[in-house]
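In the order they appear, the protein sequences are chains A and B. When we follow my numbering, the leftmost residue of the first sequence carries the number 1, and every step to the right adds one. When we follow my numbering, the leftmost residue of the second sequence carries the number 1, and every step to the right adds one. Backbone N, C-alpha and C fix where the C-beta goes; we use that ideal spot for every residue, glycine too. This report concerns only the one structure given below.
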Amino acid sequence: MLHHMHEFGITENIVNIAVTKADEARASKVIQINLVVGEMSGFVPDCIQFYFDSLSKDTIAQGAMLHFQLVPTQLRCRNCSTIFQPRDTLWSCPKCRSQSIELSKGREFYIESMEVE
Amino acid sequence: MKKIEFIRNILEANEIIARRNQQLLDRHKVFAINIMSSPGAGKTSLIQQTLTRLKGRLSIAVVEGDVASTVDAEKVQSDAKAVIQINTRNMPESCSLMAAMIESALKDIPLDDIDLLLIENVGNLICPSEFILGEHKRVVISSLPEGDDKPIKYPLIFIDADAVIINKVDLLPHVDFDIDAFRHSVAGLHPETEIFELSCKTGEGVDRWCSWILAQVKSYATKQ
Chain A
1 MLHHMHEFGI TENIVNIAVT KADEARASKV IQINLVVGEM SGFVPDCIQF
51 YFDSLSKDTI AQGAMLHFQL VPTQLRCRNC STIFQPRDTL WSCPKCRSQS
101 IELSKGREFY IESMEVE
Chain B
1 MKKIEFIRNI LEANEIIARR NQQLLDRHKV FAINIMSSPG AGKTSLIQQT
51 LTRLKGRLSI AVVEGDVAST VDAEKVQSDA KAVIQINTRN MPESCSLMAA
101 MIESALKDIP LDDIDLLLIE NVGNLICPSE FILGEHKRVV ISSLPEGDDK
151 PIKYPLIFID ADAVIINKVD LLPHVDFDID AFRHSVAGLH PETEIFELSC
201 KTGEGVDRWC SWILAQVKSY ATKQ
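What follows is the structure, given as structure tokens:
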């Protein structure tokens, strides 16, 4: 299944960003890349690490560890503004039962920092 | 060892190309719609119906995204100004169209001769929600046999949808699909979404969808 996912191109982006940023910081090696991934985003951390290990070969990011900080889904009721986490797949407000719901957290997908030497 | 702090959107590379695509489309006054659904919901049938009904009123080009084959491109060939087939099978990613694929398809489309670009994405409700292509509107099709719980299972794609189509309404007597519950779920995720009930087989409801497209293209053209 791995080759059917979209993590390949995404991981290329991560390698490019890491190498560019490390060069700018005059670092010789990337030790760890810290990523923030929302629970709702369609990206699979294991799959990204798998591609990363091969795509980073012969770059200064080779051997770097990817650390994923997962952001739980957070919802906001449009009716009464209650912020809550979904308890099941049906999104309804625990306070007023409204099903008019905004996703306030859970779509994140970005690099937050890197450790280099 | 030292820590470098910076925030960098990983999807930025795709988004930069998508913005460039939209600028190119805007220069040529071409309105683009990204059509997404699970496999078999009726993307190609909807495009065929749309082409037939809008013939003579809009000049339309179609981009067909599929993992393999040119079956869909052949079906829409006769009524479209141009049809470009993108097969994703030999690309590193096959689960969704990406902005770079549209960028290269646009080179083969006579942009000055068309008003509307219909982009048929790869059949999938997950991956296409992460990748914008440069489209002006995003449309999701759900069909009755799939069940009415798709917005609950795949909320992201519905959150970003400007219009949602309920296709195959002719099957209503034969399947358990609660249209009101479906509409309620969609409206909960995105209150402004336009919802269309139609059947590409019988043609019921397709005129309302086509009127929506005409209105969108007209309002876009006056803004450009």
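Test: residue i CB closer than 8 Å to a CB of chain B
i: A:E115; result: yes
i: A:K21; result: yes
i: A:Q62; result: no
i: A:T82; result: no
i: A:L103; result: yes
Below-8 Å beta-carbon distance, residue i vs any chain A residue
i: B:H184; result: yes
i: B:G188; result: yes
i: B:P191; result: yes
i: B:S104; result: no
i: B:M101; result: no
i: B:E130; result: yes
i: B:A13; result: yes
i: B:L118; result: no
i: B:I17; result: no
i: B:I159; result: yes
i: B:L156; result: yes
Interface partners of residue i on chain B, CB under 7 Å
i: A:E112; result: I7
Under 8 Å by beta carbon: chain A residues contacting residue i
i: B:I10; result: I10, N13, I14, I17, L35, F109, Y110, I111
Proximal chain A residues relative to residue i, where beta-carbon distance stays under 7 Å
i: B:S96; result: H6
i: B:A163; result: Those do not exist, as B:A163 stays about 18 Å from chain A at its closest Cβ, beyond 7 Å.
Strand pairing of residue i, partner residues [DSSP]
i: A:I33; result: A:L66, A:M114
i: B:V140; result: B:M36, B:V164
i: B:F196; result: B:I165
i: A:K105; result: A:Q74
i: B:D66; result: B:N87
i: A:G150; result: Absent from the structure is residue 150 of chain A, since the part of chain A shown begins at 1 and ends at 117.
i: B:L58; result: Paired residues: none, contrary to the question.
i: B:K2; result: A:V116
i: B:F158; result: In DSSP, B:F158 forms no bridge with anything.
i: B:R8; result: A:I111
i: A:I83; result: A:R76
i: B:P31; result: First, the amino acid is wrong: residue 31 of chain B is Phe here, not Pro. Per DSSP, B:L116.
i: B:A82; result: B:A61
Cβ-based neighbour list, residue i, same chain, cut-off 7 Å, excluding 5 preceding and 5 following
i: B:V217; result: F31, L58, D115, L116
i: B:T52; result: D79
i: A:K21; result: M114
i: A:E117; result: A27, S28, K29, I31
i: A:M1; result: Any answer about A:M1 is weak, because its pLDDT of 39 lies below 50 and its placement is not dependable; what the coordinates show is given next. Nothing listed; no residue qualifies.
Residues that residue i contacts on chain A, provided the C-beta gap is smaller than 9 Å
i: B:C210; result: Ordered by position in chain A, no residue passes the 9 Å Cβ test against B:C210, which lies about 29 Å from the chain.
i: B:N2; result: Position check: residue 2 of chain B holds Lys in this sequence, whereas Asn was assumed. Ordered by position in chain A, the residues that pass the 9 Å Cβ test against B:K2 are A25, A27, E115, V116, E117.
Proximal residues to residue i (C-beta, below 6 Å), its chain only, five neighbours per side dropped
i: A:Q62; result: S56
i: A:I48; result: E7, T11
i: A:M40; result: T73, G106, R107
i: A:Y51; result: E7, F8, T11
i: B:M101; result: I86
i: B:I4; result: none
i: B:S211; result: none
Within chain B, partners of residue i - CB distance below 8 Å
i: A:L90; result: I152
i: A:Q49; result: Per Cβ cutoff of 8 Å: no residues; A:Q49 is ~14 Å from chain B at best.
Contacts of residue i in chain B (Cβ-Cβ under 9 Å)
i: A:S100; result: A187, G188, L189, P191
Cutoff 8 Å; reference residue i; Cβ partners in own chain excluding five residues on either side
i: A:I101; result: L75, R76, C77, R78, W91, S92, C93
i: B:K200; result: A small correction: the amino acid at residue 200 of chain B is Cys; Lys does not occupy that position in the sequence shown. Same-chain partners within the cutoff: G42, S45, L46, Q48, Q49, N167, K168, V206.
i: B:N14; result: M98, A99, A100, F131, I132
Where are the beta strand (DSSP E) runs, 3 residues long or more, that stay fully inside the segment 177 to 224 of chain B, in chain order?
Restricting attention to beta strand (DSSP E) runs no shorter than 3 residues, the segment 177 to 224 of chain B encloses them at 194 to 197, ordered along the chain.
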